[in-house]
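Novice: Just so you know, numbering that gives the first Met the number 0 puts 47 at position 48 of the sequence shown, and the rest follows in order with no gaps.
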Amino acid sequence: MILSSYPWWWLALPLLLLPVWWHRQKRQRLKAEPLATARFLPSAPPEQLRVWQWRDKVLLLVRCLLLVTLIAWLAATIFPWRGDTVMIDAGADKAWAEQQISAAGFTAAARIDLPPNPLAWLRANERDWRSTARLLIVARADQIAMPARVPQFSHQLELRTANVPAAPPAAIAQHIVLAAPAARAPAWQSLFAAFDVAGNAATRHQLATEPDAGTTLIVWDTPATSPPGNWRAPHWWIAPSAAVTPSLATTASGATTSAIAGFPELASATKLTINGITLRYADSPRGRLWTSDAFPPRDADTARALYEAWQLLSAAPAPAYATPSQTFSATRSALPAITNAKPAYWLALALLALFILERTLTHARRN
0 MILSSYPWWW
10 LALPLLLLPV
20 WWHRQKRQRL
30 KAEPLATARF
40 LPSAPPEQLR
50 VWQWRDKVLL
60 LVRCLLLVTL
70 IAWLAATIFP
80 WRGDTVMIDA
90 GADKAWAEQQ
100 ISAAGFTAAA
110 RIDLPPNPLA
120 WLRANERDWR
130 STARLLIVAR
140 ADQIAMPARV
150 PQFSHQLELR
160 TANVPAAPPA
170 AIAQHIVLAA
180 PAARAPAWQS
190 LFAAFDVAGN
200 AATRHQLATE
210 PDAGTTLIVW
220 DTPATSPPGN
230 WRAPHWWIAP
240 SAAVTPSLAT
250 TASGATTSAI
260 AGFPELASAT
270 KLTINGITLR
280 YADSPRGRLW
290 TSDAFPPRDA
300 DTARALYEAW
310 QLLSAAPAPA
320 YATPSQTFSA
330 TRSALPAITN
340 AKPAYWLALA
350 LLALFILERT
360 LTHARRN
């Protein structure tokens, strides 16, 4: 943040020549001693001899660092330097942006690129602007998410956004491992092919035979067989009709359920009915296990119901609402003091430590 601070203070860096010049010279006083044979000679004032040499190099270094830190503290803390400024979204239409800048009266203002999360960035760096400065943001509406609370600034901020047609989102790839015999694999392949078409083809399901780091789902439909111990995935679909063993287990509610080979956790699975599909699930070290009599679907209606149920179970992030064009008035009283800025606080501590060190070295040299 120092690099974005008031730049004229850095012109004071030539002051570093002062301690260098000070340390390059040595003043040595030549003492006058009275001699028995020279008592009747006229008196002469003592002479000084100046010798240029490097002395007290550690003290010289500390004093130079002290000056640099002082200049940095002044540059980062005391004087704001930015005036009227326009933050422009690089992806916005150039003609529209120029029109908005002219209409807002910012033709002569400085221009900078729109930073990521501009409202939060401006709030963190607002101390760089003079108290009389005005701010303008020109951007596409989808580049600035609407904050939960109305942001407060110590400067007047005008926000001008434009709604542009959003590009269709790229299809999300879902990596799925299918472990099923040749007779049952086509049913699963048809199911995921239908999933690719559903939802405006927003998701593409890629089938594989071995899991990797990107695997999101493992479909296990191998009769009476346990999966390899190193297989991991966030979710498992387990077909009970192919993997049910004759053993039985009793749940906490007293119901009797069939245990599935290789998945003892499903013996105490939780039952869930959603969109007409009955599912049982349980957590395990290898991932969350799901089983249902609908695995795999045997008709189109069951496949559609399973797709809708799985979409309801998938956690989707809430969409970010775009911030409309508006003007934020200056509310200086609601802002913390500028002196609480972290860079200034850090530089002040460094300045104090260097000053103490410089005084200590100076005292040690004199004594």
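For each residue, glycine too, the CB sits at the ideal point set by N, CA and C.
Return the chain-ordered list of same chain residues with a C-beta closer than 6 Å to the C-beta of A128, the five sequence neighbours on each side being excluded.
Specialist: Here residue 128 refers to the residue found at position 129 when the sequence shown is read from its first residue. In the sequence as displayed, the identity of residue 128 is Trp instead of Ala. Closer than 6 Å at Cβ, skipping near neighbours: P79, R81 and H154.
Novice: Using the beta-carbon count (16 or more within 10 Å), is L311 buried or exposed?
Specialist: The residue given as residue 311 occupies position 312 in the sequence shown. So L311 ends up on the exposed side.
Novice: Just to confirm the assignment, what range does the beta strand (DSSP E) spanning Y280 have?
Specialist: Within the sequence shown, the letter at position 281 stands for residue 280. Here the beta strand (DSSP E) through Y280 covers I276 to S283.
Novice: Mind checking which residues open and close the alpha helix (DSSP H) that includes F191?
Specialist: The residue labelled residue 191 in the question sits at position 192 within the sequence shown. That run of the alpha helix (DSSP H) goes A184 to V196.
Novice: V401 bridges to which residues according to DSSP?
Specialist: The first residue shown for the chain is 0 and the last is 366, placing residue 401 beyond what the model contains.
Novice: Return the residue from the list I87, L118 and D211 that minimises the CA-CA distance to A109.
Specialist: Here the question's residue 109 lines up with position 110 in the sequence shown. It is I87.
Novice: Hey, could you find the ends of the beta strand (DSSP E) I273 is sitting in?
Specialist: Here residue 273 refers to the residue found at position 274 of the sequence shown. Run containing I273: T269 to I273, per the beta strand (DSSP E) assignment.
Novice: Please state whether DSSP places V61 in a helix, a strand or coil.
Specialist: What you label residue 61 is simply residue 62 of the sequence shown in a count that begins at 1. Here V61 sits in helix by DSSP.
Novice: How many angstroms separate the CA atom of W20 from the CA atom of V57?
Specialist: Here residue 20 is taken as the residue at index 21 of the sequence shown, counted from 1. Here residue 57 is taken as the residue at index 58 of the sequence shown, counted from 1. Near 15 Å, if we compare the C-alpha coordinates of V57 and W20.
Novice: Taking a contact to mean a Cβ-Cβ separation below 8 Å, would you say G286 touches H234 in this structure?
Specialist: Here residue 286 corresponds to residue number 287 of the sequence shown, with the count starting at 1. Here residue 234 corresponds to residue number 235 of the sequence shown, with the count starting at 1. Contact: yes.
Novice: Around the C-beta of Y306, are 16 or more other C-beta atoms found within 10 angstroms, so that it is buried, or is it exposed?
Specialist: Counting from 1 along the sequence shown, the entry for residue 306 is found at position 307. So Y306 ends up on the buried side.
Novice: In chain order, what residues of the same chain lie with their CB nearer than 8 Å to the CB of E357, ignoring the 5 residues before and after it?
Specialist: Your numbering for residue 357 matches position 358 in the sequence shown. Excluding positions up to five away in sequence, the list reads L58, V61, R62 and L65.
Novice: Please tell me whether T221 and H174 are closer than 8 Å, where the distance is taken between their beta carbons.
Specialist: One-based indexing of the sequence shown puts residue 221 at position 222. One-based indexing of the sequence shown puts residue 174 at position 175. It is not a contact, given that the beta carbons lie outside the stated cut-off.
Novice: When DSSP labels each residue in this structure, what does A329 get in the three-state scheme?
Specialist: On the sequence shown, position 330 is the one that residue 329 refers to. Note: A329 maps to strand in three-state DSSP.
Novice: I believe L156 touches I143 by the beta-carbon criterion, under 8 Å. Please report the beta-carbon distance rounded to the nearest angstrom.
Specialist: By one-based count along the sequence shown, residue 156 stands at place 157. By one-based count along the sequence shown, residue 143 stands at place 144. The Cβ separation is near 12 Å, so there is no contact.
Novice: How is the beta strand (DSSP E) around I100 delimited, first residue to last?
Specialist: Walking along the sequence shown from the start, residue 100 turns up at place 101. Here I100 belongs to no beta strand (DSSP E); instead the alpha helix (DSSP H) covers K93 to A103.
Novice: Would you tell me roughly how many angstroms separate the C-alpha atoms of G228 and P210, rounded to the nearest one?
Specialist: As a first step, residue 228 is located in the sequence shown; it is residue number 229 there, counting from the start. As a first step, residue 210 is located in the sequence shown; it is residue number 211 there, counting from the start. Each residue's Cα considered, the two are about 12 Å apart.
Novice: Taking C-beta to C-beta, are A302 and L190 nearer than 8 Å?
Specialist: Position 303 of the sequence shown holds residue 302. Position 191 of the sequence shown holds residue 190. Yes, the pair counts as a contact, with Cβ atoms nearer than the cut-off.
Novice: Let me confirm a value: T208 is counted as buried when at least 16 other C-beta atoms fall within 10 Å, else exposed. Which label applies?
Specialist: Counting from one through the sequence shown, the residue named residue 208 turns up at place 209. Label assigned to T208: exposed.
Novice: By the 10 Å Cβ neighbour count, where 16 or more other Cβ atoms means buried, how is P99 classified, buried or exposed?
Specialist: Position 100 of the sequence shown, counting from 1, holds the residue named residue 99. The residue you asked about is not Pro; residue 99 is Gln in the sequence shown. With 16 or more Cβ atoms within 10 Å of its Cβ, Q99 is classed as buried.
Novice: Check the Cβ-Cβ distances between L158 and every residue of chain E, and say whether any is below 8 Å.
Specialist: In the structure shown, chain E does not exist; there is a single protein chain.
Novice: Going by DSSP, which residues form a beta bridge with Q205?
Specialist: Position 206 of the sequence shown, counted from the start, is the residue given in the question as residue 205. BP columns for Q205 point to H174.
Novice: Do you know whose CA, among L177, A132, L113 and G104, lies nearest S328's CA?
Specialist: Numbered from its first residue, the sequence shown carries residue 328 at position 329. Minimum Cα distance to S328 is reached at A132.
Novice: Helix or strand or just coil, what does DSSP make of F262?
Specialist: Against the sequence shown, residue 262 aligns to sequence position 263. Looking at F262 - three-state DSSP - the assignment turns out to be strand.
Novice: Can you tell me whether V149 is buried or exposed, with buried defined as 16 or more other CB within 10 angstroms of its CB?
Specialist: Here residue 149 refers to the residue found at position 150 when the sequence shown is read from its first residue. Looking at its Cβ environment, which holds fewer than 16 other Cβ atoms inside 10 Å, V149 is exposed.
Novice: Do A172 and W95 count as a contact pair if the criterion is CB distance below 8 Å?
Specialist: In the sequence shown, residue 95 corresponds to position 96, counting from 1. In the sequence shown, residue 172 corresponds to position 173, counting from 1. No.
Novice: Between the Cα of R231 and the Cα atoms of N124, P185 and L288, which residue gives the shortest distance?
Specialist: On the sequence shown, position 232 is the one that residue 231 refers to. For R231, the nearest C-alpha among the options comes from L288.
Novice: Residue range of the alpha helix (DSSP H) that Q310 falls in?
Specialist: Numbered from 1 along the sequence shown, position 311 holds the residue referred to as residue 310. Looking at the DSSP string, the run of the alpha helix (DSSP H) that includes Q310 is A299 to L312.
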